[in-house]
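Engineer:
2 protein chains.
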Amino acid sequence: MLNKKTIITISREHGSGGRKIGERIAAELGISFYDKKLINIVAEQSGLSMEFIENHEQKINNSFLFNIAVSGYYSGNIFNKESLLPEDKIFLTQTKIIRDLAEKESCVIVGRCADYILKDREDCFNVFIFSDLESRKKRAVTEYGFNGDTVESELKKADKARNNHYSHYTGQDWGQLKNYHLAVNSDFVGFDNVVDMIVQIAKNR
Amino acid sequence: MLNKKTIITISREHGSGGRKIGERIAAELGISFYDKKLINIVAEQSGLSMEFIENHEQKINNSFLFNIAVSGYYSGNIFNKESLLPEDKIFLTQTKIIRDLAEKESCVIVGRCADYILKDREDCFNVFIFSDLESRKKRAVTEYGFNGDTVESELKKADKARNNHYSHYTGQDWGQLKNYHLAVNSDFVGFDNVVDMIVQIAKNR
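The listed protein sequences derive, respectively, from chains A and B. Oh and the first sequence: position 122 is 171 in the numbering used here, straight run, nothing missing. Oh and the second sequence: position 117 is 166 in the numbering used here, straight run, nothing missing.
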């Protein structure tokens, strides 16, 4: 059990196992886990279809909006702003949901720039999980059904998309050491060790 | 005890407690610790005085030399090369010593670009330890006797010198996440936790 409220944000490279590690940490600590689940909440709150969200979520355009979202300028229903682009609507909604969750309860949040969105809170523990390219390729093929012939370029495309999305909405590069409290190579350290050490750090806070 | 030979390299920000953490890890694992001690060995082997080494060690000039050192071009006594600058002589000697130590025994090596010098070995565990500026300032004043009025600029100067030294001899920026297996904010995570988790990871390899 946790001694005090803790929001563990997990940023991860595709194929590093970060999502699974996050799920295990949440289960061990008995706290909520948010990832796809978060998208469901967004879908429900916004009335947008899952397909619409998945299609638009990591597209990029007007970075101006994020600053507005972060500064708390938007206090009402952002969907009154008809001029917003779909991906920005989604991002602003997610920002609000992530803030509400962090206010309410201890939890694990994977991706969604949560480390940046919650950067002014004292109760966040920000983790970055990465891995060697060879291990990521293997995992992507065996666990996520990627095609072995194209897996390397697919992973590089995924990294680039994640970096673009992060830097668009935060103005920072993704995967900068100083944005995290802990960064770990999941293959070198081993999944069990990664889970154990994050659980231990969270408990000892 | 370790199951297999492991060289733990620790790179750290000044004032992050990385050296002390390294000492504790070496003690817990019952393996050797190299830092100042390394300089002593260099001094003995090279016949240079400690004062000479400390004065020149982190000065920078001809990066050409490092590539020669890394490629193993130098197999003889580098001090036959009268044209070498003092800091390059020191660095080349350290490179050789670090390689010999890594070949010989499990150990903890703090600083000295050891992560890069040993990058082709499979038995290295590379760690980066950093901390918040405020904690580093406090520690520098209370533990290392820095002047409170100038501590911030002194630490920034130390970071810059460390980065220059590292990038001069390795051609890479210092503190890039992908150069390490684990990077950790020592204040957030706590010194005891940092020691425990590194010991645990090393034991589980």
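Here a beta-carbon is modelled for each residue, glycine too, at the ideal position from N, C-alpha and C.
Would you mind sorting A/Ser65 into buried or exposed? The rule is 16 or more other CB atoms within 10 Å of its CB.
Structural biologist: Looking up residue 65 of chain A in the first sequence gives position 16. The residue in question, A/Ser65, is buried, as its Cβ has 16 or more Cβ neighbours within 10 Å.
Engineer: Taking 8 Å as the cut-off, does the region 225-243 of chain A touch the region 218-235 of chain B (at least 3 CB pairs, one atom from each stretch)?
Structural biologist: Yes, since at least three Cβ pairs between the region 218-235 of chain B and the region 225-243 of chain A fall closer than 8 Å, the two stretches touch.
Engineer: Is the Cβ of B/Val176 closer than 8 Å to any Cβ of chain A?
Structural biologist: Within the second sequence, the letter at position 127 stands for residue 176 of chain B. It does not; no Cβ of chain A falls within 8 Å.
Engineer: Answer with buried or exposed for A/Tyr193, where buried requires no fewer than 16 other C-beta atoms within 10 angstroms of its C-beta.
Structural biologist: To locate residue 193 of chain A, count along the first sequence from 1; it is residue 144. Exposed, since its Cβ has fewer than 16 Cβ neighbours within 10 Å.
Engineer: If you run the structure through DSSP and keep just helix, strand and coil, what is A/Arg68?
Structural biologist: Within the first sequence, numbered from 1, the residue matching residue 68 of chain A stands at position 19. Reduced to three states, the DSSP call for A/Arg68 is helix.
Engineer: Would you tell me roughly how many angstroms separate the C-alpha atoms of A/Glu103 and A/Ile139, rounded to the nearest one?
Structural biologist: Stepping through the first sequence from its first residue, residue 103 of chain A is reached at position 54. Stepping through the first sequence from its first residue, residue 139 of chain A is reached at position 90. When rounded, the distance between both Cα atoms is 10 Å.
Engineer: Find the residues of chain A that neighbour B/Ala232, judging by a C-beta separation of less than 9 Å, and give them in chain order.
Structural biologist: Position 183 of the second sequence, counting from 1, holds the residue named residue 232 of chain B. The contacting residues are Phe177, Leu226, Tyr229, Leu231, Ala232 and Val233.
Engineer: Three-state secondary structure (DSSP) at A/Asn52?
Structural biologist: Here the question's residue 52 of chain A lines up with position 3 in the first sequence. In the structure shown, A/Asn52 sits in coil (DSSP, three-state: anything other than H, G, I, E or B).
Engineer: Return the CA-CA distance between A/Thr55 and A/Arg254, expressed in angstroms with no decimal places.
Structural biologist: Start at 1 with the first residue of the first sequence, and residue 55 of chain A comes out as number 6. Start at 1 with the first residue of the first sequence, and residue 254 of chain A comes out as number 205. Roughly 8 Å between the two C-alpha positions.
Engineer: Between A/Tyr165, A/Leu51, A/Phe101 and A/Ile146, which lies nearest to A/His214 when the distance is taken from Cα to Cα?
Structural biologist: Reading the first sequence from its first residue, position 165 is the one you call residue 214 of chain A. It is A/Tyr165 whose Cα lies nearest to the Cα of A/His214.
Engineer: Going straight from the alpha carbon of A/Arg23 to that of B/Leu133, what length do you get?
Structural biologist: Because chain A spans 50 through 254 in this model, residue 23 of chain A falls outside it and cannot be assessed.
Engineer: Which full runs of the alpha helix (DSSP H) of 4+ residues lie inside the region 154-227 of chain B, going along the chain?
Structural biologist: Runs of the alpha helix (DSSP H) inside the region 154-227 of chain B: 163-166, 182-193 and 200-219.
Engineer: How many Å lie between A/Tyr122 and A/Asp149 at the Cα?
Structural biologist: On the first sequence, position 73 is the one that residue 122 of chain A refers to. On the first sequence, position 100 is the one that residue 149 of chain A refers to. Low local confidence applies: a pLDDT of 40 at A/Tyr122 is under 50, so the model's placement there is unreliable, with the coordinate-based value given in what follows. Cα-Cα distance, rounded: 16 Å.
Engineer: What in chain C is Cβ-close to B/Gly239, meaning under 7 Å?
Structural biologist: Included in the structure are the protein chains A and B, with no chain C among them.
Engineer: For the alpha helix (DSSP H) containing A/Ser235, name the first residue and the last one.
Structural biologist: Start at 1 with the first residue of the first sequence, and residue 235 of chain A comes out as number 186. Ser235 to Val238 is the span of the alpha helix (DSSP H), which, as asked, contains A/Ser235.
Engineer: Residues of chain B with CB under 9 Å from A/Asn242, in chain order?
Structural biologist: To locate residue 242 of chain A, count along the first sequence from 1; it is residue 193. The answer, in chain order, is Met246, Gln249, Ile250 and Asn253.
Engineer: So B/Ile74 packs on B/Ile250, CB below 8 Å; how close in whole Å?
Structural biologist: Within the second sequence, residue 74 of chain B is the residue found at index 25, counting from 1. Within the second sequence, residue 250 of chain B is the residue found at index 201, counting from 1. About 10 Å separates the two Cβ atoms, so there is no contact after all.
Engineer: Mind checking who B/Ser98 pairs with in its DSSP beta bridge?
Structural biologist: The count along the second sequence starts at 1 and reaches residue 98 of chain B at position 49. According to DSSP, B/Ser98 bridges with nothing at all.
Engineer: Buried or exposed: which applies to A/Asn15, given that a residue is buried once 16 or more other Cβ atoms fall within 10 Å of its Cβ?
Structural biologist: This structure cannot speak to residue 15 of chain A, because chain A is shown only from 50 to 254.
Engineer: Is the region 204-212 of chain A touching the region 69-83 of chain A in the sense that three or more CB pairs, one from each, lie closer than 8 Å?
Structural biologist: No: fewer than three Cβ pairs fall under 8 Å.
Engineer: Going by DSSP in three states, A/Leu87 sits in which element: helix, strand or coil?
Structural biologist: Your numbering for residue 87 of chain A matches position 38 in the first sequence. Helix.
Engineer: Under a three-way DSSP split, which group does A/Leu231 fall into?
Structural biologist: Taking the first residue of the first sequence as 1, we reach residue 231 of chain A at position 182. Strand at A/Leu231.
Engineer: Could you give the distance in angstroms between the alpha-carbon of A/Cys173 and the alpha-carbon of B/Pro135?
Structural biologist: For this step, residue 173 of chain A is matched to residue 124 along the first sequence. For this step, residue 135 of chain B is matched to residue 86 along the second sequence. Roughly 47 Å between the two C-alpha positions.
Engineer: What does B/Phe140 pair with, by DSSP beta-bridge criteria?
Structural biologist: For the purposes of this step, residue 140 of chain B is identified with residue 91 of the second sequence, where counting begins at 1. Per DSSP, none; premise fails for B/Phe140.
Engineer: Please go through the same chain and pick out, in chain order, the residues whose beta-carbon is closer than 8 Å to the beta-carbon of A/Phe101, but skip the five residues on each side of it.
Structural biologist: The residue given as residue 101 of chain A occupies position 52 in the first sequence. Pro135, listed in sequence order.
Engineer: Three-state secondary structure (DSSP) at A/Ile80?
Structural biologist: Walking along the first sequence from the start, residue 80 of chain A turns up at place 31. Residue state, collapsed to three classes: coil.
Engineer: Under 8 Å between the Cβ atoms of A/Thr58 and A/Ile158?
Structural biologist: Stepping through the first sequence from its first residue, residue 58 of chain A is reached at position 9. Stepping through the first sequence from its first residue, residue 158 of chain A is reached at position 109. Yes, these two residues count as a Cβ contact at 8 Å.
Engineer: Under the rule that 16 or more other beta-carbon atoms within 10 Å means buried, what is A/Gly96, buried or exposed?
Structural biologist: Translated into the one-based positions of the first sequence, residue 96 of chain A becomes position 47. The residue is exposed, with fewer than 16 neighbouring Cβ atoms inside 10 Å.
Engineer: Rounded C-beta distance between A/Arg61 and A/Ile178? I'm assuming under 8 Å.
Structural biologist: Counted from its first residue, the first sequence places residue 61 of chain A at position 12. Counted from its first residue, the first sequence places residue 178 of chain A at position 129. The Cβ separation is near 4 Å, so the contact holds.
Engineer: According to DSSP, simplified to helix, strand and coil, what is B/Arg73?
Structural biologist: Counted from its first residue, the second sequence places residue 73 of chain B at position 24. Helix, per DSSP.
Engineer: Among all the DSSP beta bridges, which residues are the ones paired with B/Ile247?
Structural biologist: For the purposes of this step, residue 247 of chain B is taken as residue 198 along the second sequence, with counting starting at 1. For B/Ile247, which the question treats as bridged, DSSP gives no partner whatsoever.
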